[in-house]
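Residue numbers (this note's numbering): 11 to 643. Take a look at the structure below.
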Amino acid sequence: YCGSCWAHAATSALSDRIKIARDAAWPDINISPQVVISCETKDQGCHGGEAYNAFEWMADNEVTDETCSIYRARGLDNGQVCSAMNVCRNCNPGEACFVPDQYLVYGVDQFGEVSGEENMKQEIAQRGPIACGIAVPEALEDYTGGIYCDDTGDMNIVHDISVVGYGEEDGQKYWLVRNSWGTHWGEEGFFRVCRGTNNIAIESDCAWATPKDTWTEKVWHQTTDAEKSDPLNDTTVYPFPQPTYNGNDAPVYTAPSTGGCRVEHAEFEGGDLKFSPHSWDVVSADDLPAVVDWRNMDGKNYVSWNKNQHIPQYCGSCWAHAATSALSDRIKIARDAAWPDINISPQVVISCETKDQGCHGGEAYNAFEWMADNEVTDETCSIYRARGLDNGQVCSAMNVCRNCNPGEACFVPDQYLVYGVDQFGEVSGEENMKQEIAQRGPIACGIAVPEALEDYTGGIYCDDTGDMNIVHDISVVGYGEEDGQKYWLVRNSWGTHWGEEGFFRVCRGTNNIAIESDCAWATPKDTWTEKVWHQTTDAEKSDPLNDTTVYPFPQPTYNGNDAPVYTAPSTGGCRVEHAEFEGGDLKFSPHSWDVVSADDLPAVVDWRNMDGKNYVSWNKNQHIPQYCGSCWA
């Protein structure tokens, strides 16, 4: 458990406003709450904070995305202190992690306070989501849907959320609210609450922020020698191949003979699972578009968010990332990029798919096959931890979906949303790959990785060494041509600080780096039109492999003898008491409510669907892998 509601509220609202400013264009930029709960010192990390303070800190400091600093549900109060490496890290096998030479940064331009129904409507309608403090009556914790109207009179602000819209249903006005408790709670992680009566104090204490434009002309942080040698950096050398911790009878996992995170190609016993024609048997190659880029198809971005398989420590899970990102993209395509973004968890695959070796490598085809036979969840159920069945994260009911409360063992939720694969198969060769990508979406492919590709920074990469040793899995999301050179458009899983914001282009039509040799495709089961909920059994709740550790909360500090002692907020939640801010708002343009008449506002605002586009970033769960009171961030 981590009481980081305040950090999640602030970073999700800022990420949403970045998405609005960029008209939902690729790439989705997801600001890291981990940086805030590690580095913002007015608040108390996992012991609670306030979204306004997070906005103020991000106005004075650079913040990164989640491919630099993944959420770990620990903060400056309990082990994840602020360091150059906790702002941005990367890891290689068998070495200490390190700070990349450069990485993209973001920040806040202006920020301020807002309260009251009319001013909140103005701010949300004109500029986007805001962060607010709320009370949390017991009935809200048990909320499953509808418009929530508290009748207890609870006004004790203990939690921070983000308000993303407003509307009215059957005469009842409501606020549309994003929580940070996962998609298994509420209306897929959101809720609606009565508007206009200050229910649960939601109209009392809110904050807004506008983002700095660091994307039109990209702003890169250039890492200094002092940052690389920061004494607070994590210098642990995580062994790789890593030992198994699954018991005396557990198998011993070794690094793949290929030398990478992709195992050797196998002949699949069952073969493809297919009950419709191959895409290349349906449409003539002459009828394909000359360019396909699923990041921008008729003005919409259909690819899911970027990831980094190498943090918080190295894990050779490229195969699981390639498969789950391609499947997530195809779900987004099938749903026409509608809210919510569904991001399939690679963690479930590396913990539970037993044909492969977790962090010691695997093959995307096997992952697709496993997801055809088994349910898989999203990242709000099972966050990426860079450990698998081979080194400590064995398959259990709790490693498929978990939630955590303060001072208790984590648990398996009573129900959660599940996804899966409908059909899957192999594909190779330029023309068949083009057919599959153009008609149905991204595919997963194995590739060689010459040294020059590791150092790639942009352009069309054409290997001249002849390396055809497949050691890595990626996802191909499109194809095109530039200055007479044909290319594949490829998503990697090495973070946005690598390549073209995590992507690269490679020569097409010559099987460069073996990219046209060994690919796989999968179509998703439709589990969203009529939502499919897994109903947890008593046996799953008592699975002997579940993590029964009781993480103490308030948790002790591990920052040294001279570190401050953090205590739970007097409010009783993850939101600290409201403070008068010494510096006041940072504002050099008029308040939104002074610009437009209330009569001119739309009757309904829902940033999840504005003129057919979703402008909110992806759902999160502040309570995993353990509890953290970071709602504010």
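For every residue, glycine included, the Cβ atom is placed at its ideal position computed from N, Cα and C.
query	result
Give a single yes or no on whether V313 has its beta carbon closer than 7 Å to a heavy atom of the ligand ATP.	In the structure on display, the ligand ATP does not appear, and there are no ligands present to speak of.
Expressed to the nearest angstrom, what Euclidean distance is found between the alpha-carbon atoms of K238 and F108?	7 Å
Provide the residue span of the alpha helix (DSSP H) that contains Y62, from first to last.	A61 to D70
W16 lies in the alpha helix (DSSP H); which residues open and close that run?	W16 to A31
Along the beta strand (DSSP E) that carries K183, what are the first and last residues, could you check?	Q182 to R188
Just to confirm, are E128 and R205 a CB contact at a threshold of 8 Å?	no
Skipping 5 residues on each side, what residues in its chain have a beta carbon closer than 7 Å to that of D119?	T220, P221 and K222
Which word fits P452, buried or exposed, when buried means at least 16 other C-beta atoms lie within 10 angstroms of its C-beta?	buried
Measuring CB to CB, does V486 end up less than 8 Å from V174?	no
Can you find at least 3 beta carbon pairs, one from the region 287 to 306 and one from the region 317 to 327, that sit closer than 8 Å?	no
Would you call the region 397 to 405 and the region 492 to 504 touching, i.e. three or more CB-CB distances under 8 Å?	no
On the CB-based measure, 16 or more other CB atoms within 10 Å of its CB, does V1 come out buried or exposed?	What is shown of the chain runs 11 to 643, which leaves residue 1 out entirely.
Taking 8 Å as the cut-off, does the region 51 to 62 touch the region 194 to 211 (at least 3 CB pairs, one atom from each stretch)?	no
I'd like to confirm the pairing. Which residues does DSSP put opposite R202 in its beta bridges?	I157 and L186
Buried or exposed for P103, going by 16 or more other Cβ atoms inside 10 Å?	buried
T220 by DSSP, collapsed to three states: which one?	strand
When you compare only the Cα positions, how much space is there between H194 and C411?	9 Å
Leaving out five residues on either side along the sequence, give the residues of the same chain with a beta carbon under 6 Å from the beta carbon of R137.	S602
Where DSSP assigns a beta bridge to Q136, which residues make up the other side?	According to DSSP, Q136 bridges with nothing at all.
From the DSSP output, in three-state form, read off T533 for me.	strand
Looking only at its own chain, which residues have a Cβ that is under 7 Å from the Cβ of A330, when we skip the five neighbours before and after it?	P356, V359, I360, G372 and A377
Looking at the structure shown, is K131 part of a helix, part of a strand, or coil, going by DSSP?	helix
Compare the Cα-Cα distances from A145 to each of V124, D215, G196 and K183 and report the closest residue.	D215
Just list the residues that DSSP pairs Y471 with in beta bridges.	V516
Taking its Cβ as the centre, do 16 or more other Cβ atoms sit within 10 Å of T559, making it buried, or is it exposed?	exposed
Between the C-alpha atoms of I167 and C142, what's the straight-line distance to the nearest angstrom?	9 Å
Over what stretch of residues does the alpha helix (DSSP H) that includes L337 continue unbroken?	C328 to A344
Output the distance between the C-alpha atoms of A419 and N413, rounded to the nearest integer angstrom.	9 Å
So, do the region 441 to 459 and the region 527 to 544 have three or more beta carbon pairs nearer to each other than 8 Å?	yes
Is it buried or exposed for T547, if we count other Cβ within 10 angstroms and need 16 for buried?	exposed
May I ask you to report which of helix, strand or coil DSSP gives N409?	helix
Identify, in the order they occur along the chain, each residue of the same chain with its Cβ nearer than 6 Å to the Cβ of G456, setting aside the five sequence neighbours on each side.	R272, I480, D483 and D528
Scan the region 429 to 468 and note each continuous beta strand (DSSP E) run of 3 residues or more that stays entirely inside, going in chain order.	431 to 437 and 453 to 457
Where DSSP assigns a beta bridge to Y176, which residues make up the other side?	W185 and V615
With the cut-off set at 8 Å, would you say Y471 and R515 are in Cβ contact?	yes
Less than 8 Å between the beta carbons of N318 and T77, yes or no?	yes
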